[in-house]
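Q: The structure under discussion is supplied below as structure tokens; questions concerning it will follow.
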Amino acid sequence: MSKVNIRFNSRKDSSFIIILIGTVLLLSGILIVSFIEKDFYLAGLLPMIIVFACLAMLVWMYFGTYYVLSEDKLKWYCGPLRSSIDITSINTIIVGRTLWVGNKPALARKGLRVKYNKYDEIYISPETNEFFVEAILKLNSEIKIIR
Numbered sequence: 035m036s037k038v039n040i041r042f043n044s045r046k047d048s049s050f051i052i053i054l055i056g057t058v059l060l061l062s063g064i065l066i067v068s069f070i071e072k073d074f075y076l077a078g079l080l081p082m083i084i085v086f087a088c089l090a091m092l093v094w095m096y097f098g099t100y101y102v103l104s105e106d107k108l109k110w111y112c113g114p115l116r117s118s119i120d121i122t123s124i125n126t127i128i129v130g131r132t133l134w135v136g137n138k139p140a141l142a143r144k145g146l147r148v149k150y151n152k153y154d155e156i157y158i159s160p161e162t163n164e165f166f167v168e169a170i171l172k173l174n175s176e177i178k179i180i181r
């Protein structure tokens, strides 16, 4: 039996890009203000470390958000955050509706709300919702799809 590993990159919505650029500008402003301070090493070192850590995290999330379907798991990666869900525990996928609160390793709106176990839910945004749904239905045909 061959091993299935299909990778789906996350779609990148313009709203996430605007938030990313706004955050970069805000953090850069903080960094510039810290450079203007007279006692840079005391007042500016901590803000500089915080700014670079936040920028690194955002860039990691931007380039490192994707999903992998294997024979028995849906694995998701979002920067340093990662986890997996048993495909047999997935019961419903809602297509095109955004989850605003909760576990959301996604960079776009109108993705997929994946319900699993009894009460758990995760929101993902693969580049093409339809291709992802087709691929996961081949692995578990009992998943209910709501459009």
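Counted from 1, the sequence shown has number 177 at position 143 by this note's numbering; the numbering is strictly sequential.
Note that the Cβ used here is the ideal one computed from N, Cα and C, for glycine as well.
None of the values given here were measured: they were computed from a predicted structure.
Classify Y96 as helix, strand or coil using the three-state DSSP reduction.
A: helix
Q: Within 10 angstroms of its Cβ, does N163 collect 16 or more other Cβ (buried), or is it exposed?
A: With 16 or more neighbouring CB atoms inside 10 Å of its own CB, N163 falls in the buried class.
Q: Using CA coordinates, which residue listed in L171, M95 and I83 is at the minimum distance from L124?
A: The question names Leu, yet the displayed sequence has Ile at residue 124. Comparing Cα-Cα distances from I124 to each of L171, M95 and I83, the minimum goes to L171.
Q: Since E105 contacts V38 with CB under 8 Å, what's their CB separation in whole angstroms?
A: 5 Å
Q: N163: beta carbon under 7 Å from a heavy atom of the ligand ATP?
A: Looking at this structure, you won't find the ligand ATP or any other ligand, since it has none at all.
Q: Have a look at R41, E168 and P139 and flag the residue whose alpha-carbon is nearest the alpha-carbon of F50.
A: P139
Q: Compute the beta-carbon to beta-carbon distance between Y101 and P160, rounded to the nearest angstrom, for a pair I have assumed lies under 8 Å.
A: 6 Å
Q: Of the residues I179, K178, F42 and I180, which one's Cα is nearest the Cα of L108?
A: F42
Q: Are F165 and L146 closer than 8 Å when you measure CB to CB?
A: no
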